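With the sequence shown counted from 1, adding 28 to any position gets you the numbering used here. Accompanying notes for the structure given below.
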Amino acid sequence: MIRTAAVVFCVVLFSSVAGAGFMPAQQPAPAPAASGKEILTRRCFQCHQASMWASVRGDRKEWLGVLYRMVGRGALWTEEEINAMATFLAETRPVK
Numbered sequence: 029m030i031r032t033a034a035v036v037f038c039v040v041l042f043s044s045v046a047g048a049g050f051m052p053a054q055q056p057a058p059a060p061a062a063s064g065k066e067i068l069t070r071r072c073f074q075c076h077q078a079s080m081w082a083s084v085r086g087d088r089k090e091w092l093g094v095l096y097r098m099v100g101r102g103a104l105w106t107e108e109e110i111n112a113m114a115t116f117l118a119e120t121r122p123v124k
């Protein structure tokens, strides 16, 4: 009998607290991933001007090589950023 009363009390208390707005807020949806162009602009233009590599062309594999070479020289990029930039560059600066 005491257990039942305790359970009912907890349920009523929880319901009143939830109804009063004391429930934890839901987590916001994660921000959409940045586009390859946005990452490229933010990361590469810290050290390079667009004219430096404007004539360079390559497929995705070649662009990955270039980007990983920059990582070897000190660029601090995540795997996701590298993949997004390589995809963007391969689409906009393909081999002719």
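We treat Cβ as the ideally placed atom computed from N, Cα and C, and that holds for glycine. Small disclaimer: the values here were computed from a predicted structure and weren't measured.
| message | Given a cut-off of 8 Å on the beta-carbon distance, is the pair Leu117 and Trp91 in contact? | response | Along the sequence shown, one-based indexing puts residue 117 at 89. Along the sequence shown, one-based indexing puts residue 91 at 63. Cβ distance < 8 Å, so Leu117 and Trp91 count as in contact.
| said: Quick check: Ala112 and Ala62, are their CB atoms within less than 8 Å of each other? | reply: Taking the sequence shown and counting its residues from 1, the one referred to as residue 112 is at position 84. Taking the sequence shown and counting its residues from 1, the one referred to as residue 62 is at position 34. Yes, Cβ-Cβ distance for Ala112 and Ala62 is below 8 Å.
| query | Can you tell me whether DSSP reads Thr69 as helix, strand or coil? | reply | Counting from one through the sequence shown, the residue named residue 69 turns up at place 41. The answer is helix: DSSP assigns Thr69 an H, G or I state.
| Can the beta-carbon of Arg97 be found closer than 8 Å to that of Arg121? | Taking the sequence shown and counting its residues from 1, one reaches residue 97 at position 69. Taking the sequence shown and counting its residues from 1, one reaches residue 121 at position 93. No.
| task | Report the rounded CA-to-CA distance for Glu109 versus Ser83, giving the unit in angstroms. | result | Along the sequence shown, one-based indexing puts residue 109 at 81. Along the sequence shown, one-based indexing puts residue 83 at 55. In a straight line, the C-alpha of Glu109 is about 22 Å away from that of Ser83.
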